[in-house]
Amino acid sequence: MASNDLIGPAVVAAIVSGIVTTIGFIVSNKTATKLHSEKLKFDERLAEKKFQFDIDLAERKFEYEKGLHDHKRRIEFGEELLAAFYRANDVLIAVRSPAAFGKEGSSRPQEEDDPNIARKKDTYFVPLERLNKNGDFLSDFFSKRYRARAIFRDTQLDQAFQLLHEAIVAIQVSASMLMNTVSSPGQRDFSFWEKREADIWAGFDEDPVGAKIKQAIELADSTLGAVLEAAAQPSVEAHD
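As structure tokens, then:
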């Protein structure tokens, strides 16, 4: 067999082998490129999902902490406010006490009055003097009204503030009227004196001021007590 006859098939085989190798390389390269591209896209999508998850988690955490903070602040203010209502009740009970102690009433600006008239005016001035002594507390108490309205949005709680305000105004007006009329002989109508004295002093059968104070404390206790009791209950979410 001639050598040319052997070389021909060998060359063809070599060429075919080279072509197959080249095709295999190209296919392999394309496959690797495609796989790499798909991996990059997968990694990119994974990174985007992780980024979005982190954002969502951060937002949920922020909302949770904000809600927890707002809840805590609401409860703390509720406790503070209910205690203030209880103290306001005690203050007004003391203000309306018929008994005077020591030199109570002596801070009234003195006028050229008969000693007996001056003494009566001092007596009627006592509730005003007591209100003045508690002025800082009462001012701070009523300054909480609008914050309470914004936080609790409860009409009964707002009514409780209003009732105490009306009670204090009634005490101030009646005490002033009694002092102004004590020296006027013509102003001796029994019902007038009884009504005004019932405003400034507790213990009368008909006590509209005392009734307002009592109703105010009951409304505050009912509203704020319910808020505090609800806060003391275990959260349903805590068991999920």
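This note's numbering puts the first residue of the sequence shown at 115, with every later residue one more than the last. Cβ atoms here follow ideal geometry from the backbone N, Cα and C, with glycine treated the same way.
Item	Value
Reference Asn203, options Gln329, Glu218, Gln347, closest by Cα	Gln329
Which listed residue (Thr237, Phe215, Ala213) has its alpha carbon closest to that of Gln224	Thr237
Cut-off 7 Å between Cβ atoms - residues of its own chain near Leu195, not counting five sequence neighbours on either side	Lys258, Ala262, Leu338
Residue nearest to Val323 in terms of C-alpha spacing, selected from Glu343, Ala281, Glu311, Asp335	Ala281
Residue from Val296, Ala340, Ser305, Ile265 whose Cα sits closest to the Cα of Ala232	Val296
Nearest-angstrom beta carbon gap, Ala274 and Phe199 [assumed within contact, 8 Å]	7 Å
Same chain, Cβ closer than 7 Å to Gln276, five either side skipped, listed in chain order	none
Rounded separation between Met291 and Arg310 - CA only	8 Å
Which of helix, strand or coil DSSP assigns to Glu225	coil
Candidates Pro241, Ile189, Ser151, Ala345, of which the one nearest Ile285 by Cα	Pro241
C-beta atoms of Asp313 and Ala340 nearer than 9 Å	no
Which of helix, strand or coil DSSP assigns to Gln273	helix
Pro241 - DSSP class collapsed to helix/strand/coil	helix
Residues near Trp315 in its chain [Cβ-Cβ closer than 6 Å; skip 5 each side]	Arg210, Pro212
Spatially closest choice to Glu279 from Phe306, Gly249, Leu154, Thr147, by CA coordinates	Sequence inspection shows His at residue 279; the Glu mentioned does not correspond to that position. Of the listed residues, the one whose Cα sits closest to His279 is Gly249.
Close-in-space but distant-in-sequence residues of the same chain around Ala345 (CB under 6 Å, 5 per side omitted)	Ile189
Alpha-carbon spacing of Ser305 relative to Gly317, whole angstroms	16 Å
Same chain, Cβ closer than 6 Å to Gln270, five either side skipped, listed in chain order	Leu333, Thr337
Trp307 (DSSP reduced to helix, strand or coil)	helix
Best match in Lys186, Ala264, Ser298 for proximity to Lys234 [C-alpha to C-alpha]	Ser298
Gln347: first and last residue of the uninterrupted alpha helix (DSSP H) it sits in	First-last for Gln347: undefined, no H or E at that position.
Local Cβ density within 10 Å of Leu154, reported as buried at 16 or more and exposed below that	exposed
Ser221 vs Asn246 beta-carbon contact at 9 Å	yes
Close Cβ partners of Leu252 (< 8 Å) along its chain, the five nearest in sequence each way excluded	Ala202, Val205, Leu245, Ile282
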